[in-house]
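Peer 1:
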Amino acid sequence: MTKQGQQRVGLLQGTLDMLILRTLFYGPAHGHQIGKHIQRTSNEFLQMQHGSLYPALHRLEERGWVSAKWEMAPDRNREFKYYRLTEKGKKQLVVEESQWKQMSEAVARVMWPAAEES
Amino acid sequence: MKWWQIKKRDEDLERELRSDLELEEEEQRENGLSTEDASYAARRAFGNPTLIKEQTHEAWGWAIFERFLQDVRYAFRQLRKNSGFAAICAITLSLGIGATTTIFSVVDSLLLRPLPYPNAPRVVRIWNTFAPRGMTEIPFSEPEFNEYRQSQSFTHVAGFSVGTLTLTGNGDPLHVAASWGTPDFFSVMGTAPLLGRVFTADEQQEGHAQVAVLSHRLWQGRFASSREVVGKSILLNGQSCTVVGVMPQTFNFPSNDVDLWQPLSIAPASDKVGNHYLNLVADLKPQTTLNQARSEMATILDRIMQKYPKYYGGAAGLGVNVIPLREQMVGNLRPTVLVLMAGVGFMLLIACTNVASLHLARGEDRKQEIATRTALGATRWRILYQVLIENLVLFLVGGGLGLLLALACVKWLNLTDYLDVAQLGGVRLDMRVLAFAAVVSLSTGLLFGLAPALKASQSNFNDALKAGGRDAMGSRRSTRSRSLLVMTEIAFSLVLLTGAGLMIGSLRNLLGVSLGFNPKNVITMRLSLPEARYSIARTAAFYHQLQDRVRGLPGVEAVAIVNQLPMTDVTANASFDVEGRPSNTDINLADTQIISPEYFRAMGILLMRGRFLNDEEAKLPPASVIVNQTLARKVWPGTDPIGKRIRLGPDYPWLSVVGVVADIKNHGSNVATKPEMYFLLTDQPLMMWVDLRSMTLVVRTSSEPEQMVNAIRGRLKQLDPELPIYKVSTLKELVSSSISQTRFPALTLSLFACTALLLAAIGVYGVFAYTVAQSRHEIGVRMALGAQQGQILRLFLGQGVKWGALGGCAGLLAALILVRFMRSMLFQVGPHDPKILLAVTAVLSAVVLMACLIPALRAAKVDPIAALKNE
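Heads up: the protein sequence lines correspond to chains W and X, in order. Numbering follows this note's numbering, in which position 58 of the first sequence is assigned residue number 58; successive positions increment by one, without gaps. Every position in the second sequence, counted from 1, becomes a number in this note's numbering once 118 is added.
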């Protein structure tokens with residue numbers, strides 16, 4: 001349940017891939033878990049429908065950054081499709097992370113030039 | 119990922135999404151929601167599953183391909199649903215593409231493609247002409263040839279003659295077509311032999327050992343394509359002859375059926391001026407034009423006439439003509455081919471018009487579908503893409519059928535001898551035209567298929583949805599373009615119908631021509647006696663014996679021989695002197711027929727004056743001759759020709775005219791009868807240059823003549839077991855094949871016209887039925903307001919009549935202008951024959967009315983309550 005008045009924004013284009021990769025860095029997860037994790041860790045700030053994860057997940061799989069496998073869940077008697085980070089995916093995460101950093105620093109420099117000087 | 123794994127991946131995705139959704143649902147329930155609320159909440163949190171699936175598919179990278187497949191599937195479903203529309207479109211396309219391609223391929227091989235000889239563009243044929251008698255292709259005599267060969271306009275001038283020989287040894291005796299050529303015969307064409315060599319100059323000398331060059335066909339058929347054949351000896355008419363070479367497959371000059379060539383020796387001092395048997399062929403020097411050659415030929419003719427004043431004696435009207443080889447070969451086919459090509463062009467136009475109007479009507483039908491799809495979020499590009507795919511599917515089906523049709527037709531054309539195309543290298547399917555026809559019909563489909571879709575997707579879909587597919591008759595704007603198309607179609611059909619009508623009229627006239635002989639129950643066959651075993655004296659005796667033996671067969675009514683049958687290829691002719699008149703006042707030229715006494719009875723030719731020849735005369739030296747009416751009228755107008763005397767030249771005896779027989783169509787049904795002389799085959803025959811050994815046996819029977827062939831062959835075997843017979847045919851067949859030049863275009867044009875009529879009927883019906891269906895609501899309102907069935911019927915029929923009248927008038931006008939180009943193909947039919955014009959107009963009107971009547975009747979039967987309730 002979301003709190004009234006809290007600001008919520010849609011995901012920035014292209015950042016979803018990075019978020020998924022980062023989430024999978026902690027270990028394999030299925031789609032639902034990934035979605036919940038991103039929502040929870042962003043304090044419900046990042047708003048998205050779970051469904052929109054899947055095209056992204058399949059795209060990442062197509063690129064070989066994650067691999068997928070149907071596996072039994074440890075806590076319940078059911079199979080889920082677990083995604084895990086590949087070696088290639090780990091490298092990609094590093095790349096995206098640094099790009100993001102550069103990007104946000106660049107944005108910050110434009111927005112708050114004074115802060116930079118001090 | 120590979121595209122064939124899509125299905126498996128899709129199932130996998132489905133399972134993944136379901137499990138996620140279930141998980142979400144469980145969580146919502148744990149939060150305390152009811153089962154139903156939990157399900158809704160989960161779905162809200164999850165999003166639109168169809169959209170997600172589509173987006174995921176995109177991620178797999180095969181989305182474009184998948185969409186294409188989906189569209190193709192949808193297109194097939196649409197076409198199945200509208201199977202009538204699809205079938206008509208496909209048939210229209212296949213006829214349009216198939217017929218166009220076939221006919222153009224024929225035109226291409228007949229008129230446009232070069233002949234398969236290296237010198238072909240420069241090769242010409244040379245003929246004597248004689249304007250007063252309308253004769254355009256008179257062969258030359260040896261002295262004439264000796265003069266013409268000195269011409270400066272040509273690199274080579276060659277003379278040749280044609281005839282037949284019997285090839286023996288190495289299997290059954292075989293009848294072969296031979297051609298005898300002067301030294302430059304092969305140089306004129308420029309074709310090199312495939313094996314060995316052609317004749318050398320000294321082989322052309324009289325007395326040299328016999329040599330022969332084989333045609334590719336004979337080499338393959340008789341000598342199993344053996345390369346060792348060169349240098350071998352073969353037996354021709356019983357004489358040994360050395361094979362010196364083999365020509366390639368492409369060399370079939372002077373005719374398709376030529377089997378071998380032998381040298382022809384012509385003495386430079388020859389003085390046989392009256393014996394016109396040499397055909398001339400020559401190749402122009404590169405810098406010389408046709409007209410220069412013609413004027414030089416005229417100069418040479420003057421020289422010849424001065425040299426032999428006694429023979430030519432001021433013959434006014436004698437000329438010489440030079441025509442290109444191709445024109446010689448296809449010249450008489452040119453109008454046929456051009457008319458057929460115009461016919462096919464109209465066919466293609468009608469086909470395209472049909473496709474266009476069908477698509478327009480269908481586009482109106484789809485307005486609502488497109489509006490619905492637009493309302494559901496389909497982009498315009500997506501809708502156009504769909505229509506495009508549908509068009510392509512339709513086009514591929516129709517075009518595929520068309521291609522099959524064209525292939526079948528081309529195959530058939532190469533097998534029949536309606537068009538003599540083998541000599542030109544055969545008809546090949548022309549890919550450029552196939553592509554042209556395909557592109558034209560495809561673009562028509564696309565233009566008229568996409569335009570309505572574009573309009574529908576552009577317009578406010580609200581209106582279309584509200585109209586609910588029930589246009590009032592008021593929205594005439596869309597109807598106008600369709601009715602214009604229908605009128606065009608009617609006009610084009612009328613043009614084609616007129617063409618076909620004129621050809622059928624000509625054919626009927628040709629079939630109705632009085633031939634002058636009775637072709638019923640007559641069988642003919644040709645035989646050639648080998649020179650080695652038959653002297654000229656024995657030849658006459660042999661034919662007497664043969665006739666006696668055949669006459670003994672039951673069912674035989676008359677037996678005769680003749681050197682050249684009418685309607686086939688009457689080529690032997692000779693000039694003659696008339697007693698009491700100076701021979702230089704007139705050029706008298708007539709076909710020369712060598713016959714046996716019973717010939718006129720066997721052919722059923724009537725005697726007009728005097729008497730027939732008899733068996734006793736055959737044993738005596740030649741003294742009498744029979745002429746036809748044309749000759750009698752020309753030479754002795756107004757006087758009785760019986761008893762008058764003629765001779766073939768100063769060295770020949772005088773012959774008395776003993777009888778005049780009725781004119782027969784000796785050169786074909788559509789050619790005026792030429793003067794003709796009939797000589798008896800006597801024991802000491804008259805004309806040495808006619809091949810007396812080759813004769814046609816003519817047998818009149820009391821029943822089916824075909825059944826007699828084996829019995830006749832048996833009698834021949836008793837006389838000479840080594841003699842082959844050939845060209846076995848009934849007289850009826852010969853007559854029928856002689857009019858094939860009219861029959862073929864008549865048949866083809868009729869086929870076009872019928873197809874065009876059918877297409878037009880379909881087009882009119884389609885547009886009309888569509889208009890009626892669209893106006894159901896209006897009809898309902900009119901009926902509710904008191905209109906009677908008859909009034910409704912009249913309302914719609916009136917519209918049909920208007921279309922028919924406007925289209926018909928335009929068509930008639932176009933036809934009147936265009937059919938003038940057919941004049942040369944017609945026989946005793948004016949191009950503006952009112953009866954035929956009336957008949958075709960009536961046929962077209964009937965068909966158009968029928969096509970309108972069915973939908974109009976349906977309109978009159980509309981139940982107003984049902985029509986209005988149906989909103």
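In this text, a Cβ means the ideal position worked out from N, Cα and C, and glycines have one as well.
Distance check for PHE45 of chain W and ASN149 of chain X, CA to CA, integer angstroms please.
Peer 2: Their Cα atoms are separated by approximately 21 Å.
Peer 1: Just grab the DSSP bridge partners of LEU815 of chain X for me.
Peer 2: X:MET643, X:ILE679, per the DSSP bridge assignment.
Peer 1: Show which residues of chain X have a CB atom less than 9 Å away from the CB atom of TYR54 of chain W.
Peer 2: Per Cβ cutoff of 9 Å: LEU131, GLU134, LEU135, ASP138, ILE170, LYS171, GLN173, THR174, ALA177.
Peer 1: Under 7 Å between beta-carbons, which chain W residues line up against GLU142 of chain X? List them in chain order, please.
Peer 2: Within chain W, the residues near GLU142 of chain X are HIS32, HIS50.
Peer 1: Give me, in chain order, the residues of the same chain whose beta-carbon lies closer than 6 Å to that of ALA590 of chain X; leave out the 5 immediate sequence neighbours on both sides.
Peer 2: A caution first: ALA590 of chain X carries a pLDDT of 46, below 50, which makes its placement in the model unreliable, though a value can still be read off. Only GLU896 meet the Cβ criterion.
Peer 1: With DSSP run on the structure shown, which of helix, strand or coil describes SER624 of chain X?
Peer 2: Helix.
Peer 1: Please report the distance separating the alpha-carbon of PHE278 of chain X from that of VAL511 of chain X.
Peer 2: PHE278 of chain X and VAL511 of chain X: Cα-Cα distance of roughly 58 Å.
Peer 1: Would PRO759 of chain X and VAL640 of chain X qualify as a contact pair, given that the criterion is a beta-carbon distance under 7 Å?
Peer 2: Result no, Cβ atoms of PRO759 of chain X and VAL640 of chain X do not sit closer than 7 Å.
Peer 1: State the Cα-Cα distance for the pair GLU176 of chain X and ILE170 of chain X, rounded to the nearest angstrom.
Peer 2: C-alpha separation (whole angstroms): 10 Å.
Peer 1: Grouping DSSP H, G and I as helix and E and B as strand, with all else coil, what is PRO381 of chain X?
Peer 2: Strand, per DSSP.
Peer 1: How big is the Cα-Cα spacing for THR23 of chain W and THR153 of chain X?
Peer 2: Looking at the two C-alpha atoms, the distance is approximately 31 Å.
Peer 1: Hey, is the segment 643–656 of chain X in contact with the segment 281–298 of chain X, meaning 3+ C-beta pairs nearer than 8 Å?
Peer 2: Result yes; three or more Cβ-Cβ pairs closer than 8 Å.
Peer 1: What are the residues that DSSP puts in a beta bridge with TYR395 of chain X?
Peer 2: Paired residues: none, contrary to the question.
Peer 1: Which value, in whole angstroms, describes the spacing of the CA atoms of ASP16 of chain W and LYS81 of chain W?
Peer 2: According to the sequence as given, residue 16 of chain W is Leu; it is not Asp. Cα to Cα, LEU16 of chain W sits roughly 19 Å from LYS81 of chain W.
Peer 1: Suppose the cutoff is 6 Å on Cβ atoms and the five residues either side in sequence are ignored; what does the same chain contact list for ALA750 of chain X look like?
Peer 2: Answer for ALA750 of chain X: PRO759, VAL778, listed in chain order.
Peer 1: Could you pull out every residue in the same chain whose Cβ sits closer than 6 Å to the Cβ of MET605 of chain X, ignoring the five residues on either side in sequence?
Peer 2: Closer than 6 Å at Cβ, skipping near neighbours: TRP921, LEU924, GLY925.
Peer 1: Evaluate LEU408 of chain X with the Cβ neighbour count: other Cβ atoms within 10 Å of its Cβ, from every protein chain shown; 16 or more gives buried, anything less gives exposed.
Peer 2: Exposed, since its Cβ has fewer than 16 Cβ neighbours within 10 Å.
Peer 1: Quick one: is GLU62 of chain W near chain X, going by C-beta distance under 7 Å?
Peer 2: Judged by the 7 Å Cβ criterion, GLU62 of chain W is in contact with chain X.
Peer 1: Does the ligand GDP have even one heavy atom less than 6 Å from the beta-carbon of LEU620 of chain X?
Peer 2: Absence of the ligand GDP is noted for the structure shown, with no ligands found whatsoever.
Peer 1: Assign THR670 of chain X to one of three DSSP states: helix, strand, or coil.
Peer 2: Rather than Thr, the amino acid found at residue 670 of chain X in this sequence is Gly. Correct three-state label for GLY670 of chain X: coil.
Peer 1: What does DSSP give as the partner residue(s) for CYS359 of chain X in the beta ladder?
Peer 2: Partner(s): X:ILE352.
Peer 1: Determine, using beta carbons only, whether ASP128 of chain X comes closer than 7 Å to chain W.
Peer 2: It does not: the Cβ of ASP128 of chain X has no partner Cβ on chain W nearer than 7 Å.
Peer 1: Considering Cα atoms alone, identify which of X:TYR235, X:ASP302, X:ASP290, X:VAL294 is closest to ALA276 of chain X.
Peer 2: Ranking the options by Cα distance to ALA276 of chain X, first place goes to X:ASP302.
Peer 1: Rounded to whole angstroms, what's the CA-CA distance from LYS125 of chain X to ARG546 of chain X? Just pull it up for me.
Peer 2: Straight-line Cα distance between these residues: approximately 46 Å.
Peer 1: Which ranges does the alpha helix (DSSP H) cover as unbroken runs of at least 4 residues, wholly within the segment 172–245 of chain X, from first to last along the chain?
Peer 2: Listed in chain order, they are 181–199, 201–225.
Peer 1: Please classify TYR888 of chain X as buried or exposed, where buried requires at least 16 neighbouring CB atoms within 10 angstroms.
Peer 2: Counting Cβ neighbours within 10 Å, TYR888 of chain X comes out buried, since at least 16 surround it.
Peer 1: SER344 of chain X lies in the alpha helix (DSSP H); which residues open and close that run?
Peer 2: Note, SER344 of chain X: premise wrong, no alpha helix (DSSP H); not H, not E.
Peer 1: Here's a check: name, in chain order, each residue in its chain whose Cβ is nearer than 7 Å to the Cβ of PRO386 of chain X, leaving out the five neighbours to either side.
Peer 2: ASN264, listed in sequence order.
Peer 1: Do you know offhand how far GLU140 of chain X's Cα is from GLN504 of chain X's?
Peer 2: So the two alpha carbons sit approximately 36 Å from each other.
Peer 1: What number of angstroms, rounded off, separates the C-alpha of VAL95 of chain W from the C-alpha of MET18 of chain W?
Peer 2: Rounded to whole angstroms, VAL95 of chain W to MET18 of chain W spans 9 Å at the Cα level.
Peer 1: Just the C-alpha distance for ILE488 of chain X and GLN917 of chain X, rounded to the nearest angstrom, thanks.
Peer 2: Each residue's Cα considered, the two are about 30 Å apart.
Peer 1: What residues of chain X sit near ARG59 of chain W, judged by a beta carbon separation below 7 Å?
Peer 2: Neighbours of ARG59 of chain W on chain X, chain order: ALA177.
Peer 1: Kindly say whether LYS88 of chain W, judged by its beta-carbon, lies nearer than 7 Å to any beta-carbon of chain X.
Peer 2: It does not; no Cβ of chain X falls within 7 Å.
Peer 1: Report yes or no: is there a C-beta of chain A within less than 7 Å of the C-beta of GLY495 of chain X?
Peer 2: The structure shown contains no chain A; its protein chains are W and X.
Peer 1: Which value, in whole angstroms, describes the spacing of the CA atoms of SER714 of chain X and ALA708 of chain X?
Peer 2: Roughly 19 Å separates the two Cα atoms.
Peer 1: If we ignore side chains and look at the alpha-carbon of each, how far apart do THR819 of chain X and ALA676 of chain X end up?
Peer 2: If you take the alpha carbons of THR819 of chain X and ALA676 of chain X, they lie about 7 Å apart.
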